[in-house]
Amino acid sequence: GGGATPPTLPGTYAVEATLDDPNHSGAAMDTLTIGITALVRHAPTLNGGLDGSLQVLNAENIILNGSAWISGDLLVPGTPQLKLNGHPSYGGTLDAAGASTPAGSYAVTLNGNALLRHVVRRVDPIAWPAVDAPPAPAGTVNVTLNHAGQNVGDWSTLRNLTLNGNAGVRAVPPGAYGVLTANGNGGFILGIAGASEPAVYALQGLVINGNASVQVVGPVVLTLAGGVTLNGTVGSSAHPAWLLLRVASGGVTLNGNVALHGTVIAPSGAVVINGNSTVHGEVRSDRLTLNGNAELIAPEN
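Residues in the sequence shown are numbered from 378 upward in steps of one, following our numbering.
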């Protein structure tokens, strides 16, 4: 934007680069986007750990309980009160250049042994994402597979697919489907290996039970009509950036000891991470809850 100091807060910024050389001339303009590990509208419920930084858009009371930790910063609007109870580890309060209001009408509270690098106040809200409902499937056939020797048939006519027992893991071509359900040791493979452009999937529902999984072998954009509860692992641990999970209505819940590797956008729902479950990626959701030893881990660059 023409300033001498580069931006550091999440948002979208205009950038102009000008060549500084007596023998050459040239310039280019583009957009710089700075992300954040978690962006939520409402105050989160934090009883686990968040590796990275968290921005809260609404001025609501925020509490970090007991052993909760945020390795980075907590970005909030206005100038809230700060309350320290017990023996939290806290690096101090910083002010950005945004509005000072609301002032003192809500509080950030650190209890017990909570850990937080900084509260960054006066951070104005940034644009909220939107997810449109996915298109309905054209297929009308419902298929249930119970063992490895069975086939789906024509994927273009498929509506709902259920994998039971020893049906195994099945590769799903990009497209619009109804509900994909995997039970037991079954699962789905999404994406195209070696592809540079994302494979696009639109689902009315996704059900992952038992030891089932969703493997991602290339870039994938997966849009769900409604919320999903994951009882198995989803994504690629080596490439969390490959998966973009978008939820039009509802949220995402992880149960047990499972992992989701990817970015979750659920603008109207909650992301709830329970037990020893982990999200390796970024979250954009109406609410965020970390329970037990749950963790949200920022992806590596």
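Backbone N, C-alpha and C fix where the C-beta goes; we use that ideal spot for every residue, glycine too.
These figures come from a predicted structure and were not determined experimentally.
State yes or no: is the C-beta of Met406 within less than 8 Å of the C-beta of Ala420? Inclusion of Met406 and Ala420 in the CB contact set at 8 Å is not warranted, their separation being larger than that value.
When Asn632, Ile413, Gln592 are compared against Ser614, the one with the closest alpha-carbon: Gln592
Secondary structure at Thr521, three-state DSSP: helix, strand or coil? strand
Three-state class that DSSP yields for Thr534 in the structure shown: helix
Is Pro596 buried or exposed, if buried means 16 or more other CB atoms sit within 10 Å of its CB? buried
Tell me, which residues are paired with Arg498 by DSSP? Asp472
Would you please state the rounded distance, in angstroms, between the beta carbons of Leu580 and Val556? I believe it to be under 8 Å. 7 Å
Using the beta-carbon count (16 or more within 10 Å), is Asn634 buried or exposed? exposed
Segment contact, 8 Å Cβ cut-off, at least three pairs: the stretch 518-532 with the stretch 490-507: no
If you count every other CB in all the chains shown that lies within 10 Å of the CB of Glu659, and 16 or more means buried, which is it? buried
Reducing DSSP to helix, strand and coil, say where Trp619 ends up. helix
By DSSP, does Ser448 sit in helix, in strand, or in coil? Shown here, Ser448 sits in a strand according to DSSP, grouped into three states.
Of the choices Thr630, Gly603, Asp450, Ala559, whose alpha-carbon is the least far from that of His495? Asp450
Does the beta-carbon of Leu673 have 16 or more other beta-carbons within 10 angstroms, so that it is buried, or is it exposed? buried
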